[in-house]
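In this note's numbering, the protein residues as written are 999 to 1219.
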């Protein structure tokens, strides 16, 4: 099969077929035509792997493209610029992927922490009234009752204390938002009972035995 026909196959979207056909031709004949075709087809295979989330395979193709451009880039200038764009796009994709994974792990850890906090409260005789109650963009993690007293609880979970203690994440702005949400809840539920605000910190991760610290009667700003 001629290189021109492989290029037509590539343009028609038959990426993998074109890749398997151009490889032996490129291995035996390093003409301008075969080099460019090999480069174009490999770029398409790389993009296909990225689109299908096959990032390990995409990285292998990118490494092969690095070698090809290192060998022939001085004669065929456009390949270097194209490869640079592929690297930049791939790095952005991987960065976003890692960020999404970290966010998902953070959410999962936070949900686990709230379950641990709820179990702690129940063991202490609290009655759980609400979980993740929202007032607009402001939320209260747990609303419970201890006897007749309503207790509004912020749960902070960390995998360790290496960076900061969990309670340090409850900053001034967070306390103000909690005060607004708590006032809204009190008014909307017509509560006359005594109320207080607590913080429960959880240090650990799913599968661990967590360290639980229950800080009662925290002052809201």
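C-beta atoms are modelled at their ideal positions from N, C-alpha and C, and glycine is treated no differently.
Here's a check: name, in chain order, each residue in its chain whose Cβ is nearer than 8 Å to the Cβ of residue i, leaving out the five neighbours to either side.
i            : result
residue 1137 : 1130, 1131 and 1179
residue 1196 : 1149, 1150, 1151, 1152, 1212, 1213, 1214, 1215 and 1216
residue 1007 : 1015, 1016 and 1019
residue 1127 : 1141, 1142, 1143 and 1148
residue 1120 : 1126
residue 1207 : none
residue 1124 : 1142, 1143, 1144 and 1149
residue 1011 : none
residue 1021 : 1036
residue 1059 : 1040, 1043, 1044 and 1047
Look at the Cβ atom of residue i, then the Cβ atom of residue j, and state whether they are nearer than 9 Å.
i            : j            : result
residue 1041 : residue 1023 : no
residue 1202 : residue 1155 : yes
residue 1043 : residue 1013 : yes
residue 1037 : residue 1019 : no
residue 1133 : residue 1085 : no
residue 1029 : residue 1107 : no
residue 1115 : residue 1039 : no
residue 1139 : residue 1112 : yes
Give me, in chain order, the residues of the same chain whose beta-carbon lies closer than 6 Å to that of residue i; leave out the 5 immediate sequence neighbours on both sides.
i            : result
residue 1001 : 1031, 1032 and 1035
residue 1110 : 1204
residue 1056 : 1044, 1047 and 1048
residue 1081 : 1063 and 1067
residue 1005 : 1035
residue 1175 : 1136
residue 1095 : none
Which residue marks the beginning of the alpha helix (DSSP H) containing residue i, and which one marks its end?
i            : result
residue 1023 : 1013-1026
residue 1033 : 1030-1049
residue 1059 : 1053-1070
Under 7 Å Cβ to Cβ from residue i, same chain only, skipping five residues before and after it: list those, please.
i            : result
residue 1270 : There is no way to answer for residue 1270, as the model of the chain reaches only from 999 to 1219.
residue 1184 : 1193
residue 1071 : 1077 and 1078
residue 1189 : 1148
residue 1168 : 1152, 1154 and 1197
residue 999  : 1019
Between which two residues does the beta strand (DSSP E) carrying residue i extend?
i            : result
residue 1001 : Element bounds for residue 1001: not the beta strand (DSSP E) but the alpha helix (DSSP H), 1001-1009.
residue 1155 : 1147-1156
Original post:
Considering only residues of the stretch 1106-1145, which uninterrupted beta strand (DSSP E) runs meet the minimum length of 3 residues and lie entirely inside it, listed in chain order?
Top reply: 1125-1133 and 1136-1144
Original post:
Which parts of the stretch 1185-1217 are runs of the beta strand (DSSP E), unbroken and 3 residues or longer, counting only runs that do not cross its ends?
Top reply: 1193-1201 and 1209-1213
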